[in-house]
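Below is one structure, written out as structure tokens; comments come after it.
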Amino acid sequence: MIDELLYVSRSVAVSSPSITYEQTLLNVPETRVTAIQNGLRVASEDYGLPTCTVGVWIDAGSRFETDKNNGTAHFLEHMAFKGTNKRTQSNLELEVENLGAHLNAYTSREQTVYYAKCFSKDLPQIVELLSDIIQNSKFGEEEIERERSTILREMQEIENNLQEVVFDYLHATAYQGTPLGRTILGPTENVKSIQKGDLLKYVNTHYKAPRMVLAAAGGINHEQLVKLGEEHFGKLKAGYEGDVPDLLPCR
Numbered sequence: 001m002i003d004e005l006l007y008v009s010r011s012v013a014v015s016s017p018s019i020t021y022e023q024t025l026l027n028v029p030e031t032r033v034t035a036i037q038n039g040l041r042v043a044s045e046d047y048g049l050p051t052c053t054v055g056v057w058i059d060a061g062s063r064f065e066t067d068k069n070n071g072t073a074h075f076l077e078h079m080a081f082k083g084t085n086k087r088t089q090s091n092l093e094l095e096v097e098n099l100g101a102h103l104n105a106y107t108s109r110e111q112t113v114y115y116a117k118c119f120s121k122d123l124p125q126i127v128e129l130l131s132d133i134i135q136n137s138k139f140g141e142e143e144i145e146r147e148r149s150t151i152l153r154e155m156q157e158i159e160n161n162l163q164e165v166v167f168d169y170l171h172a173t174a175y176q177g178t179p180l181g182r183t184i185l186g187p188t189e190n191v192k193s194i195q196k197g198d199l200l201k202y203v204n205t206h207y208k209a210p211r212m213v214l215a216a217a218g219g220i221n222h223e224q225l226v227k228l229g230e231e232h233f234g235k236l237k238a239g240y241e242g243d244v245p246d247l248l249p250c251r
């Protein structure tokens with residue numbers, strides 16, 4: 001996210017013949033990083049804009065799965081905006097709409113990301129909303145079944161997309177026998193069997209403070225973002241109740 005905004009900033013600056021590349025680099029804002037007490041890191045770049053993008057990057061992508069639960073991280077992403085203990089799905093959607101914000105999430109092999117684009121003045125409300133989604137999602141049975149059907153349709157569409165298929169085969173070949181060789185969506189039989197308990201177990205195992213970064217770019221006050229991180233993510237656990245999950249080598 002910060003890189004994307006940095007790219008835009010450079011593109012605009014370089015397009016002007018009166019600005020040198022060295023001057024462009026000098027105008028790039030400092031990336032500030034602060035770790036709070038439980039190990040969660042807060043990163044920001046302030047461009048002095050009226051808008052910002054803020055999100056939580058979690059080291060909990062598909063490479064942290066096993067053959068048995070492959071597909072769970074992506075399933076969690078689909079369940080992200082289906083309601084929490086304090087917000088129904090409709091209330092959540094209405095709140096975001098009233099703020100003129102955009103809320104989204106994605107899963108990669110390395111990370112699961114929840115982020116929003118909003119006005120800078122609404123940053124406190126958006127950070128609270130993101131923390132609620134990450135820590136208090138309900139995972140209702142009806143919503144799980146509905147999203148299961150959606151994911152299965154998504155898998156069929158991907159099977160017809162040759163580019164997606166080729167990249168999955170490339171990963172399977174280059175990283176065969178390792179977690180990076182698996183697909184992000186997981187096999188069909190896994191998607192059909194994932195239940196609420198599996199989702200909760202994945203969150204409790206992998207959504208740990210030291211594996212998270214609260215990052216923002218745009219019109220950002222770093223000190224304010226750090227305080228918001230402490231307020232809304234400060235109670236996240238840093239340690240593991242049982243054995244620390246192994247991260248298998250990928251070659």
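Each residue of the sequence shown is one higher than the one before, starting from 1 at the first, in full-length UniProt numbering.
Here a beta-carbon is modelled for each residue, glycine too, at the ideal position from N, C-alpha and C.
Since we're looking at a predicted model, the values are computed, not measured.
Query                                                                                                   : Result
Asp59, DSSP secondary structure in three states                                                         : coil
Any non-hydrogen atom of the ligand MG closer than 8 Å to Asn190 Cβ                                     : The model depicted lacks the ligand MG and carries no ligand whatsoever.
Counted within 10 angstroms of its Cβ, other Cβ atoms place Thr183 as buried (16 or more) or exposed    : buried
Exposure of Thr173, with buried meaning 16 or more beta-carbon neighbours within 10 Å                   : exposed
Residue burial classification, Lys162 (beta-carbon count within 10 angstroms, cutoff 16)                : The question names Lys, but residue 162 is Leu in the sequence shown. Leu162 comes out exposed.
Thr84 burial status per 10 Å Cβ neighbour count (16 or more: buried)                                    : buried
contact_flag[the segment 127-144, the segment 191-202] where n(CB pairs < 8 Å) is 3 or more             : yes
Buried or exposed (CB count within 10 angstroms, at least 16 for buried), Asp198                        : buried
As assigned by DSSP and simplified to three states, the class of Leu5                                   : Unreliable positioning characterises Leu5 in this predicted model, as indicated by a pLDDT of 46, which lies under 50. The coordinate reading is nonetheless provided below. It is helical.
Member of Gly140, Thr178, Gly55 and Lys201 whose CA lies at the smallest distance from the CA of Ala101 : Gly55
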